[in-house]
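Shown next, in structure tokens, is the structure this report addresses.
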Amino acid sequence: EEEEEEKVLLLSILSSCSRVDPLPTLSSNGVHLMGQRLSHHSLDIRREACAVLLELSVPEDGKRQVCDQQLLPVLVSLLQDEDVELQTNAAGVIMNVVILTSGVWSPSERPRPTSSRADVDFYNQQT
Numbered sequence: 001e002e003e004e005e006e007k008v009l010l011l012s013i014l015s016s017c018s019r020v021d022p023l024p025t026l027s028s029n030g031v032h033l034m035g036q037r038l039s040h041h042s043l044d045i046r047r048e049a050c051a052v053l054l055e056l057s058v059p060e061d062g063k064r065q066v067c068d069q070q071l072l073p074v075l076v077s078l079l080q081d082e083d084v085e086l087q088t089n090a091a092g093v094i095m096n097v098v099i100l101t102s103g104v105w106s107p108s109e110r111p112r113p114t115s116s117r118a119d120v121d122f123y124n125q126q127t
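According to the UniProt record's numbering, the sequence shown is numbered sequentially starting from 1.
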């Protein structure tokens with residue numbers, strides 16, 4: 001149990017460090033290692049590993065690695081976990097992965113919404 005507590009603490013520290021700079025963890029096979037821990041028997045380890053993945057999935061390379069490691073099905077299954085924090089972290093990783101940040105729309109290139117009057121009004125306020 002003490003060893004498990006140490007692992008949880010180390011994962012928590014890694015999450016905090018990766019929030020500041022995810023690149024060292026990404027370049028050290030961090031996505032793969034955290035992906036392996038998503039199926040760990042310990043809820044605390046699963047939760048902390050997913051928190052690390054949340055930070056690693058922000059940069060473009062992290063998004064790609066999550067996809068390359070085929071972690072999306074595992075993350076989707078974690079949405080059914082009994083732990084709300086784990087569910088939230090898994091949803092955050094999924095959100096980060098599906099949001100592409102490589103391109104930025106200029107105001108003239110931004111697509112116009114067609115779904116509702118409220119969307120059109122909001123769009124017009126932004127441009």
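Using N, Cα and C, we set each Cβ at its ideal position, and we do this for glycine too.
Candidates the options, of which the one nearest residue i by Cα
i   : options            : result
C50 : E6, G62, P59, G35  : G35
L72 : I94, S42, V52, V84 : I94
V52 : L9, D83, D81       : L9
I45 : Q70, E6, N29, C17  : E6
Distance, residue j Cα to residue i Cα
i   : j   : result
L86 : L79 : 8 Å
I99 : S57 : 10 Å
L14 : S77 : 23 Å
C67 : P59 : 13 Å
S42 : A90 : 16 Å
Cβ of residue i within 8 Å of any chain C Cβ
i   : result
H41 : Absent here is chain C; the protein component of the structure consists of one chain.
Beta carbon of residue i nearer than 8 Å to that of residue j
i   : j   : result
V31 : Q70 : no
Endpoints, the alpha helix (DSSP H) within which residue i is located
i  : result
L9 : 2–20
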